[in-house]
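Chemist: Sending over a structure as structure tokens; questions will come in a sec.
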Amino acid sequence: MKPMALFTMPRMCLENALRTTETDSYSRAPMVFHPSTRSNSRSQGFTLIELLVTLAILAIIAVIAAPSLQNFVLNNRIRSQAAALTSSLAFARTEAITRGTRVVACAGVATNDSCECGGKKWEDGWILFVDTNNDIYGDPECVIDELLEVHGELDGSKTTLRGDGNIRYSVLFLYDGSTQKPSGKKQQGAFVLCDQRGWGSDARAIEVLPTGRSRNLIATDDSLDVGGCIPES
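Set out below in structure tokens:
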């Protein structure tokens, strides 16, 4: 009997140990790992030095970008102004063909009740009218001539829009769309549009051809002979 007891006891101990381990595996609470609760000694956000450095960088970028932005605005404005005159000239030509009569575009007082040309400063505004009495100059109260369009003064304190000798004061469109000088000869010339940047690659030119068509060019284009913001010829 003793030998049997000797071998039985270890087996019983092993079973008890396994049973205890099984029980513990179900009853033991799972281990949970918590993040460190240590307080961060450095506060979140920008320090005063970081803020000052950021502002300094922004100021430098603004100084560098400002001239480019100004040129962008000025370029858009001068192109828009050149397009406005080109559009008016095209409209005058179309009306002359459609109506079968003479239509005049001229520098004039930009009001809605006058068909009278005045001066050579196209930057102050221009008008289009049907030249009923064929005198080119129009009448003050539009009694005889019919007003077609009024364009106001151009923006920009130093903006100038001037025509050369052939179209300094007016452009006359005939019934076939062609242009004609008061003398009866074909009319051809160029307007020069400048802003505060003056003469150069930023200036624009609107060339008027004998056919009555017009086109926009850079004022320094070799095909033109204007030479400055205020044409001499």
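Position one of the sequence shown corresponds to residue 1 (full-length UniProt numbering), numbered consecutively onward.
Ideal Cβ positions, reconstructed from N, Cα and C, are used throughout, including at glycine.
1. By the three-class DSSP mapping on this structure, what secondary structure does Trp-126 have?
2. From Gly-200, Lys-158, Thr-211 and Asp-202, pick the residue whose C-alpha is nearest to that of Leu-172; which is it?
3. Output the boundary residues of the beta strand (DSSP E) element that contains Ile-218.
4. CA-CA distance, Asn-133 and Ser-201?
5. Once the 5 residues before and after His-151 are set aside, which same chain residues still bring their CB inside 7 Å of it?
6. Measuring straight from C-alpha to C-alpha, what distance separates Cys-229 and Ala-203?
7. Could you tell me which residues DSSP pairs with Glu-149 in its beta bridges?
8. Do you know how far the Cα of Leu-74 is from the Cα of Ile-136?
9. Give the straight-line distance between the Cα atoms of Asp-113 and Asp-131, rounded to the nearest whole angstrom.
10. Let me confirm a value: Thr-98 is counted as buried when at least 16 other C-beta atoms fall within 10 Å, else exposed. Which label applies?
11. Look at the alpha carbon of Asp-195 and the alpha carbon of Glu-207, and state the distance between them as a whole number of angstroms.
12. Determine contact between the stretch 140-156 and the stretch 174-184, defined as no fewer than three beta-carbon pairs at a distance below 8 Å.
13. Report all residues from its chain with a CB closer than 6 Å to the CB of Cys-115; omit the five preceding and five following residues, and keep chain order.
14. Let me know the secondary structure DSSP gives Val-109 once reduced to three states.
15. Taking a contact to mean a Cβ-Cβ separation below 9 Å, would you say Val-103 touches Ala-92 in this structure?
16. Rounding to the nearest angstrom, what Cα-Cα distance links Ile-61 and Ser-157 in this structure?
17. Let me know the secondary structure DSSP gives Ser-223 once reduced to three states.
Modeler: Let's see:
1. Mapped onto the sequence shown, residue 126 falls at position 126. It is a strand residue.
2. Here residue 172 refers to the residue found at position 172 of the sequence shown. Minimum Cα distance to Leu-172 is reached at Thr-211.
3. Start at 1 with the first residue of the sequence shown, and residue 218 comes out as number 218. Residues 214-218.
4. Along the sequence shown, read from residue 1 onward, the residue named residue 133 stands at position 133. Along the sequence shown, read from residue 1 onward, the residue named residue 201 stands at position 201. So the two alpha carbons sit approximately 41 Å from each other.
5. Your numbering for residue 151 matches position 151 in the sequence shown. Ala-84, Ser-88, Ala-110, Gly-125 and Trp-126, listed in sequence order.
6. On the sequence shown, residue 229 is found 229 positions in, with the first residue counted as 1. On the sequence shown, residue 203 is found 203 positions in, with the first residue counted as 1. C-alpha separation (whole angstroms): 8 Å.
7. Position 149 of the sequence shown holds residue 149. Looking at the DSSP assignment, Glu-149 forms a beta bridge with Leu-128.
8. What you label residue 136 is simply residue 136 of the sequence shown in a count that begins at 1. What you label residue 74 is simply residue 74 of the sequence shown in a count that begins at 1. Their Cα atoms are separated by approximately 34 Å.
9. Taking the sequence shown and counting its residues from 1, one reaches residue 113 at position 113. Taking the sequence shown and counting its residues from 1, one reaches residue 131 at position 131. Approximately 15 Å between the Cα atoms of the pair.
10. Here residue 98 is taken as the residue at index 98 of the sequence shown, counted from 1. Answer is exposed; the Cβ neighbour count stays below 16.
11. One-based indexing of the sequence shown puts residue 195 at position 195. One-based indexing of the sequence shown puts residue 207 at position 207. Taking the straight line joining both Cα atoms gives about 18 Å.
12. no
13. Here residue 115 refers to the residue found at position 115 of the sequence shown. Result list for Cys-115: Phe-129, Gly-138, Asp-139, Cys-142, Asp-145 and Leu-147, in chain order.
14. As a first step, residue 109 must be located in the sequence shown, where it is residue number 109. Looking at Val-109 - three-state DSSP - the assignment turns out to be coil, as it is neither helix nor strand.
15. Residue mapping note: residue 103 aligns to position 103 of the sequence shown, counting from 1. Residue mapping note: residue 92 aligns to position 92 of the sequence shown, counting from 1. Yes, they are a contact pair.
16. As a working mapping, residue 61 is identified with position 61 in the sequence shown. As a working mapping, residue 157 is identified with position 157 in the sequence shown. Ile-61 and Ser-157: Cα-Cα distance of roughly 28 Å.
17. Counting from one through the sequence shown, the residue named residue 223 turns up at place 223. The answer is coil: DSSP assigns Ser-223 none of H, G, I, E or B.
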